[in-house]
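Colleague:
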Amino acid sequence: MGQTHSLHTFVHRTLVIRLVALGVGLSLLMGAGVLLVERDRVSREAIAVAVDRLALFSRLNEALLADPDQLDADALHHAALDFRATRSPIQSGAFAFIGIYDLKGARVIDFYDETHDSLSAVKAAQQSSSLLTPDRGSPRYEIVRIAGRPYLRSALPLSNSSGQTVGIINGFFAFSPETIKAFRMRGLRAMAGSMLIVLLTTAMVYPVILKLAKRITRFSVRLLEANLDTLETLGSAIAQRDSDTNAHNYRVTLYAARLGEELGLPARTMRTLIKGAFLHDVGKIGIPDEVLLKPGKLDDAEYEIMKTHVDHGCDIIERSTWLRDALEVIRSHHEKVTGKGYPMGLTGDGIPITARVFAIADVFDALTSKRPYKTAWSFDEAMEILEEGRGTHFDPQLLDTFGRIAKPLYDQFGGKEKIFRDELDEILTTYFHEGMDSLEY
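Taking the UniProt record's numbering, the leading residue of the sequence shown gets 1, the next gets one more, and so forth.
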């Protein structure tokens with residue numbers, strides 16, 4: 001048989017693709033995780049600084065914050081400006097907006113950083129947002145994007161020196177470009193690090209996996225060839241019991257396969273068709289010789305016995321997992337599209353397409369081959385008989401397709417008792433060996 005096996009290539013390709021996908025996925029996941037962790041760390045850092053400054057502001061302005069119902073907006077505004085002027089900036093960024101609200105949510109004062117480069121976008125975001133309130137008196141924050149840039153939106157409780165909450169501070173904290181660059185770089189380093197880990201792991205594990213894959217490949221090919229040998233042996237055994245040669249099995253399989261190719265059947269369906277073609281009459285092993293080898297026409301009782309070869313074939317093949325899909329052809333190749341076939345009286349598309357294809361190939365070969373009880377019919381005579389079965393026995397569309405390829409097939413194979421092993425090996429290589437990259441057997 002041909003030795004063009006692609007399972008080894010498939011294992012290489014699949015392994016590499018999955019390892020690369022794992023590396024990319026892991027690096028993206030770790031990088032994204034680092035970005036989130038770093039952003040959260042910087043956010044907490046900014047909140048901690050803001051809380052400390054609020055505590056200091058509260059101590060410096062005890063009188064202004066003593067009564068939550070008597071907040072003096074002008075006095076608080078001046079106090080805040082003085083406080084802000086004496087404080088050093090936060091290294092990770094700056095507040096583009098700070099608003100102080102009373103406990104009822106009414107605005108007391110607003111501060112905007114007039115030097116901020118996206119101030120208009122920040123104002124629009126602040127004005128369109130509802131008031132963010134602290135969570136049970138504790139700071140609350142969230143990350144929002146404004147003009148494509150991350151901002152920390154925060155809500156802090158404003159307390160007096162007695163620890164009494166007298167208001168709420170809302171703010172939009174703009175991370176500095178240096179800070180954004182820093183946690184992006186951390187994310188990129190995490191991505192690169194995880195990719196490096198995967199590559200190093202792959203470099204250590206890949207040779208081991210490759211060695212195992214080679215062994216699996218060799219074993220799989222040998223197992224497939226053993227299955228194909230079983231297929232040919234079993235089919236040939238019953239063919240030789242039914243006649244003097246097993247050439248019929250080769251011819252009818254080639255006819256069916258070429259018709260299936262002309263129809264564009266998927267590879268999996270082609271494998272089913274080929275298996276079924278070679279094993280279609282395997283159930284005849286259970287038919288008595290006086291019926292199976294009778295040279296003349298069978299009487300009604302004998303015909304009923306002969307029909308049981310379908311059930312015998314199904315009983316034999318259904319025990320094999322690898323051959324079980326051949327049951328489509330074995331069980332249904334004597335069905336007719338009008339429902340007058342056997343054993344189930346299926347009609348039209350209810351008959352598997354593999355069985356409808358094989359039925360045409362089987363009858364064509366039977367007509368054009370010499371048998372102990374008949375001479376071979378000519379090509380034209382055989383085609384006329386097939387035409388008589390159009391729409392009653394055979395699927396008309398499949399019959400039209402067969403008509404386009406029948407003459408070249410007849411010229412090459414028709415009625416010849418040669419064992420066309422090379423031609424069959426070519427088909428087996430195409431649909432079984434080269435098809436191993438699907439691993440569907």
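Where is the CB? At the ideal position from N, CA and C, for every residue including glycine.
1. The beta strand (DSSP E) spanning GLY93 covers which residue range?
2. Would you call the CB atoms of VAL282 and GLY260 closer than 8 Å?
3. Just list the residues that DSSP pairs THR165 with in beta bridges.
4. Within its chain, find whatever has a CB closer than 6 Å to the CB of GLU335; leave out the 5 residues flanking it on each side and keep chain order.
5. Which ranges does the alpha helix (DSSP H) cover as unbroken runs of at least 4 residues, wholly within the region 25–101, from first to last along the chain?
6. Provide the residue(s) that pair with LEU152 in DSSP beta bridges, ordered along the chain.
7. Among residues of its own chain, excluding the 5 on either side of PHE144, which ones have a beta-carbon nearer than 6 Å to its beta-carbon?
8. Would you call the region 255–271 in contact with the region 300–308, where contact means no fewer than 3 C-beta pairs closer than 8 Å?
9. Kindly provide the ranges of any alpha helix (DSSP H) runs that are 4 or more residues long and lie completely inside the region 316–358, ordered along the chain.
10. In the DSSP assignment, what are the bridge partners of ASP110?
11. In or out: ARG13 buried (at least 16 other Cβ within 10 Å) or exposed?
12. Does the region 92–99 come close enough to the region 187–202 to have 3 or more Cβ pairs within less than 8 Å?
13. Mind reading off the beta-carbon distance from LYS370 to ALA247? Whole number of angstroms is fine, and I expect it under 8 Å.
14. ALA355 and VAL329 look like a contact to me (Cβ under 8 Å); what is the Cβ gap, rounded to whole Å?
15. Using the DSSP secondary-structure output, state which residues sit across from ASP135 in a beta bridge.
16. Using alpha carbons as the reference points, say which of PHE420, ALA182, GLY23, THR430 lies closest to ALA203.
17. Per DSSP, which one or two residues make a beta bridge with PHE394?
18. How far does the alpha helix (DSSP H) with ASN249 in it reach, from first residue to last?
19. Under 7 Å Cβ to Cβ from residue 525, same chain only, skipping five residues before and after it: list those, please.
20. Kindly list the residues whose CB is nearer than 6 Å to the CB of ARG319, restricted to its own chain and excluding five residues on each side of it in sequence; keep chain order.
21. Determine the burial state of ASP362: buried for a count of at least 16 other Cβ atoms within 10 Å of its Cβ, exposed for fewer.
22. Can PHE432 and LEU254 be called in contact, C-beta distance under 8 Å?
23. Taking 8 Å as the threshold (C-beta atoms), are ILE316 and residue 442 in contact?
24. Please classify LEU131 as buried or exposed, where buried requires at least 16 neighbouring CB atoms within 10 angstroms.
25. Could you give the distance in angstroms between the alpha-carbon of LYS284 and the alpha-carbon of LYS211?
26. Using the Cβ count rule (16 or more neighbours within 10 Å means buried), how would you classify ASP395?
27. With 16 as the cutoff for other CB atoms within 10 Å, does ILE168 come out buried or exposed?
28. Between the Cα of ASP74 and those of SER88, MET270, ILE109, spot the shortest distance and give me the residue it belongs to.
29. If you count every other CB in all the chains shown that lies within 10 Å of the CB of SER120, and 16 or more means buried, which is it?
30. My guess is that LEU273 and ALA256 are in contact by the Cβ rule of under 8 Å, so how many angstroms apart are they, rounded?
31. State the DSSP-derived secondary structure class of LYS294, mapped to helix, strand or coil.
32. Buried or exposed, going by whether 16 or more other CB atoms sit within 10 Å of the CB of SER138?
Modeller: The relevant details are as follows:
1. Counted from its first residue, the sequence shown places residue 93 at position 93. 93–101 is the span of the beta strand (DSSP E), which, as asked, contains GLY93.
2. Taking the sequence shown and counting its residues from 1, the one referred to as residue 282 is at position 282. Taking the sequence shown and counting its residues from 1, the one referred to as residue 260 is at position 260. Not closer than 8 Å, so no.
3. On the sequence shown, residue 165 is found 165 positions in, with the first residue counted as 1. Answer by DSSP bridge pairing, in chain order: SER159.
4. Counting from 1 along the sequence shown, the entry for residue 335 is found at position 335. Correct list, in chain order: GLY341, LEU346, ILE351.
5. 73–86
6. Along the sequence shown, one-based indexing puts residue 152 at 152. ILE143, PHE173, per the DSSP bridge assignment.
7. On the sequence shown, residue 144 is found 144 positions in, with the first residue counted as 1. Looking at the sequence itself, residue 144 is Val, so the reference to Phe does not match. Contacts found: TYR151, ARG153.
8. no
9. 327–332
10. One-based indexing of the sequence shown puts residue 110 at position 110. Paired residues: GLY99.
11. For this step, residue 13 is matched to residue 13 along the sequence shown. Exposed, because fewer than 16 other Cβ atoms sit within 10 Å of the Cβ of ARG13.
12. no
13. For the purposes of this step, residue 370 is identified with residue 370 of the sequence shown, where counting begins at 1. For the purposes of this step, residue 247 is identified with residue 247 of the sequence shown, where counting begins at 1. That belief does not hold up - the Cβ atoms of LYS370 and ALA247 are roughly 11 Å apart, past 8 Å.
14. Position 355 of the sequence shown, counted from the first residue, corresponds to residue 355. Position 329 of the sequence shown, counted from the first residue, corresponds to residue 329. Between VAL329 and ALA355 the Cβ distance is about 5 Å, and since that is below 8 Å, they are a contact.
15. Residue 135 sits at position 135 when you count from the first residue of the sequence shown. DSSP lists SER138 as partners of ASP135.
16. Locating residue 203 in the sequence shown gives position 203, where the first residue counts as 1. It is GLY23.
17. Here residue 394 is taken as the residue at index 394 of the sequence shown, counted from 1. DSSP, once it has assigned bridges, lists ARG390 as partnering PHE394.
18. Within the sequence shown, numbered from 1, the residue matching residue 249 stands at position 249. Here the alpha helix (DSSP H) through ASN249 covers 247–263.
19. Lying outside 1 to 441, the shown extent of the chain, residue 525 is not represented and no answer is given.
20. If you number the sequence shown from 1, residue 319 lands on position 319. Correct list: empty, nothing qualifies.
21. Numbered from its first residue, the sequence shown carries residue 362 at position 362. So ASP362 ends up on the buried side.
22. Taking the first residue of the sequence shown as 1, we reach residue 432 at position 432. Taking the first residue of the sequence shown as 1, we reach residue 254 at position 254. Taking 8 Å as the Cβ cut-off, PHE432 and LEU254 do not qualify as a contacting pair.
23. With the chain covering 1 to 441 only, the question about residue 442 has no answer from this structure.
24. For the purposes of this step, residue 131 is taken as residue 131 along the sequence shown, with counting starting at 1. Flag for LEU131 reads exposed.
25. Walking along the sequence shown from the start, residue 284 turns up at place 284. Walking along the sequence shown from the start, residue 211 turns up at place 211. When rounded, the distance between both Cα atoms is 45 Å.
26. Along the sequence shown, read from residue 1 onward, the residue named residue 395 stands at position 395. ASP395 should be labelled buried.
27. The residue you call residue 168 lines up with position 168 of the sequence shown. With 16 or more other Cβ atoms within 10 Å, it is buried.
28. Within the sequence shown, numbered from 1, the residue matching residue 74 stands at position 74. The option with the nearest alpha carbon to ASP74 is ILE109.
29. Working through the sequence shown from its first residue, we reach residue 120 at position 120. Answer is exposed; the Cβ neighbour count stays below 16.
30. Here residue 273 refers to the residue found at position 273 when the sequence shown is read from its first residue. Here residue 256 refers to the residue found at position 256 when the sequence shown is read from its first residue. Sure, about 6 Å apart at Cβ, within 8 Å.
31. Numbered from its first residue, the sequence shown carries residue 294 at position 294. Three-state DSSP puts LYS294 in coil, outside helix and strand.
32. In the sequence shown, counting from the first residue as 1, residue 138 sits at position 138. Under this definition SER138 is an exposed residue.
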